[in-house]
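Novice:
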Amino acid sequence: MNAGESLKQKKSAVNTALDSILAGDGSVLSQAMRYAVLSGGKRFRPLLTLSAGESFGADQNTVLPFACAIELIHNYSLIHDDLPCLDNDDFRRGKPACHKAYGEDIALLAGDGLLTLAFELMAGSSLKGQAASVRGEVIIEVSRSAGVGGMIGGQMLDVTLTPEGISKEEFQSIIEKKTASLILASVKTGALLGQAPLSQMDAIYDYGKNIGLAFQTRDDILDSEEDDSGIGVSRPNSISVYGYEKTKERLERYIGLAIAALDKISLDTKELKFLAEMLLKVKKGKENAKNTG
Ligand code: GRG
Numbered sequence: 001m002n003a004g005e006s007l008k009q010k011k012s013a014v015n016t017a018l019d020s021i022l023a024g025d026g027s028v029l030s031q032a033m034r035y036a037v038l039s040g041g042k043r044f045r046p047l048l049t050l051s052a053g054e055s056f057g058a059d060q061n062t063v064l065p066f067a068c069a070i071e072l073i074h075n076y077s078l079i080h081d082d083l084p085c086l087d088n089d090d091f092r093r094g095k096p097a098c099h100k101a102y103g104e105d106i107a108l109l110a111g112d113g114l115l116t117l118a119f120e121l122m123a124g125s126s127l128k129g130q131a132a133s134v135r136g137e138v139i140i141e142v143s144r145s146a147g148v149g150g151m152i153g154g155q156m157l158d159v160t161l162t163p164e165g166i167s168k169e170e171f172q173s174i175i176e177k178k179t180a181s182l183i184l185a186s187v188k189t190g191a192l193l194g195q196a197p198l199s200q201m202d203a204i205y206d207y208g209k210n211i212g213l214a215f216q217t218r219d220d221i222l223d224s225e226e227d228d229s230g231i232g233v234s235r236p237n238s239i240s241v242y243g244y245e246k247t248k249e250r251l252e253r254y255i256g257l258a259i260a261a262l263d264k265i266s267l268d269t270k271e272l273k274f275l276a277e278m279l280l281k282v283k284k285g286k287e288n289a290k291n292t293g
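Numbering (the working numbering), first residue to last: 1 to 293.
(1) What separation, rounded to the nearest whole angstrom, lies between the Cα atoms of I21 and L121?
(2) Assuming A107 and L83 are in contact, meaning their beta carbons sit under 8 angstroms apart, how far apart are those beta carbons, in whole angstroms?
(3) With 16 other CB atoms within 10 Å as the buried threshold, where does F91 fall?
(4) Could you compute how far the alpha carbon of A52 sits from the alpha carbon of K100?
(5) For F91, does the three-state DSSP call read helix, strand or coil?
(6) Counting beta carbon pairs with one atom in the region 198 to 216 and one in the region 158 to 171, are three or more of them shorter than 8 angstroms?
(7) Can we count I174 as close to ligand 1, meaning its CB is less than 6 angstroms from some heavy atom?
(8) Verify whether the separation of the beta carbon atoms of L262 and L275 is less than 7 angstroms.
(9) So the candidates are E5, S238, R93, R34; which of them puts its Cα closest to the Cα of K42?
(10) Please determine whether the Cβ atom of S77 lies at a distance below 6 angstroms from any heavy atom of ligand 1.
(11) Return the first residue and the last residue of the alpha helix (DSSP H) that S266 is part of.
(12) Cα separation between L198 and K95?
(13) Inspect the beta-carbon positions of A185 and S126 and report whether they are closer than 7 angstroms.
Structural data, given as structure tokens:
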């Protein structure tokens with residue numbers, strides 16, 4: 001099986017697990033949580049976790065609850081990010097955003113519900129042998145990446161800094177925290193559950209960080225190609241800081257660095273390489289609008 005096919009199988013396993021995790025009690029709140037998570041999405045982060053886990057010999061059933069927990073955290077952030085007080089987006093994955101479908105109050109709580117459920121999943125999953133000994137380390141890693149030092153802190157910078165006055169250092173700090181930190185934690189989680197040796201952690205870090213930076217850089221390129229409004233941007237992005245051509249060069253550089261890091265891991269990392277190379281495909285027409293399944 002090639003990497004594309006095996007990743008397809010992993011994506012399907014993630015979707016099946018999420019469907020079961022979010023079975024809920026039929027209440028409006030549980031419907032809103034299901035709506036937000038099961039409305040599509042690339043499942044990029046859980047695929048990274050599962051692929052990294054597999055590279056280091058972890059059993060898929062061990063990794064799956066953690067991979068799903070990270071996807072729940074990602075989806076909570078999208079629900080909250082779409083709210084009128086933040087990005088004020090009416091659509092997500094080509095469908096009405098959670099607050100458009102369920103109202104702001106329920107969307108806010110659905111996000112909170114997903115975030116807390118993620119930690120319940122990680123703390124409560126059954127782990128055997130050595131993997132059990134790293135549970136605490138994984139939870140700390142994911143908490144930090146999603147918290148004030150990571151995604152929330154990055155979002156705070158994003159809403160407070162303006163495209164006009166921002167320095168390159170400040171911009172790099174935004175994307176490292178807002179986007180790259182959870183992506184890096186996704187990779188590290190798989191590696192930790194697979195008992196990756198300390199000697200390979202630098203390479204894992206380099207891969208995860210660069211793929212995270214590439215992810216946001218690519219998203220900015222896709223956004224700029226979609227936005228033909230001519231009114232400019234209200235939030236800092238890679239194009240406003242570096243310009244279009246330099247942004248494309250940066251994307252290629254990040255991906256080159258991520259793949260070079262994999263070369264230092266003498267294991268089968270072809271899925272991780274495939275996921276990195278996927279980010280080089282930047283085509284016109286925002287995929288998120290089409291990305292419903
Ligand atoms: C705590 C009030 C409160 C809000 C949190 C942290 C946050 C708000 C929002 C962050 C949203 C975010 C990280 C946006 C940038 C990252 C990004 C490119 C998201 C899109 O991710 P994809 O492309 O989406 O993986 P799919 O649909 O494939 O899952």
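Every residue gets a Cβ at the ideal spot worked out from N, C-alpha and C, and that includes glycine. It should be emphasised that the depicted structure is a prediction, and the values quoted were computed from it without experimental measurement.
Specialist: Let's see:
(1) Against the sequence shown, residue 21 aligns to sequence position 21. Against the sequence shown, residue 121 aligns to sequence position 121. Cα to Cα, I21 sits roughly 9 angstroms from L121.
(2) Along the sequence shown, read from residue 1 onward, the residue named residue 107 stands at position 107. Along the sequence shown, read from residue 1 onward, the residue named residue 83 stands at position 83. With 8 angstroms as the limit, A107 and L83 qualify as a contact, their Cβ atoms being about 7 angstroms apart.
(3) Reading the sequence shown from its first residue, position 91 is the one you call residue 91. F91 is exposed by the Cβ-count criterion.
(4) To locate residue 52, count along the sequence shown from 1; it is residue 52. To locate residue 100, count along the sequence shown from 1; it is residue 100. Roughly 36 angstroms separates the two Cα atoms.
(5) In the sequence shown, residue 91 corresponds to position 91, counting from 1. Strand at F91.
(6) Flag = no, the region 158 to 171 and the region 198 to 216 do not touch.
(7) In the sequence shown, residue 174 corresponds to position 174, counting from 1. Taking the Cβ of I174 as the reference point, every heavy atom of ligand 1 lies at 6 angstroms or farther away.
(8) Counting from 1 along the sequence shown, the entry for residue 262 is found at position 262. Counting from 1 along the sequence shown, the entry for residue 275 is found at position 275. No; because the gap between Cβ atoms is not below 7 angstroms, this pair is not in contact.
(9) The count along the sequence shown starts at 1 and reaches residue 42 at position 42. Among E5, S238, R93, R34, the Cα nearest to that of K42 is on R93.
(10) In the sequence shown, counting from the first residue as 1, residue 77 sits at position 77. Closer than 6 angstroms to some heavy atom of ligand 1: that describes the Cβ of S77.
(11) Along the sequence shown, one-based indexing puts residue 266 at 266. Neither: S266 is in no alpha helix (DSSP H) and is coded neither H nor E.
(12) In the sequence shown, counting from the first residue as 1, residue 198 sits at position 198. In the sequence shown, counting from the first residue as 1, residue 95 sits at position 95. Distance between the alpha carbons of L198 and K95 is about 43 angstroms.
(13) By one-based count along the sequence shown, residue 185 stands at place 185. By one-based count along the sequence shown, residue 126 stands at place 126. In this structure, S126 does not lie closer than 7 angstroms to A185 by Cβ.
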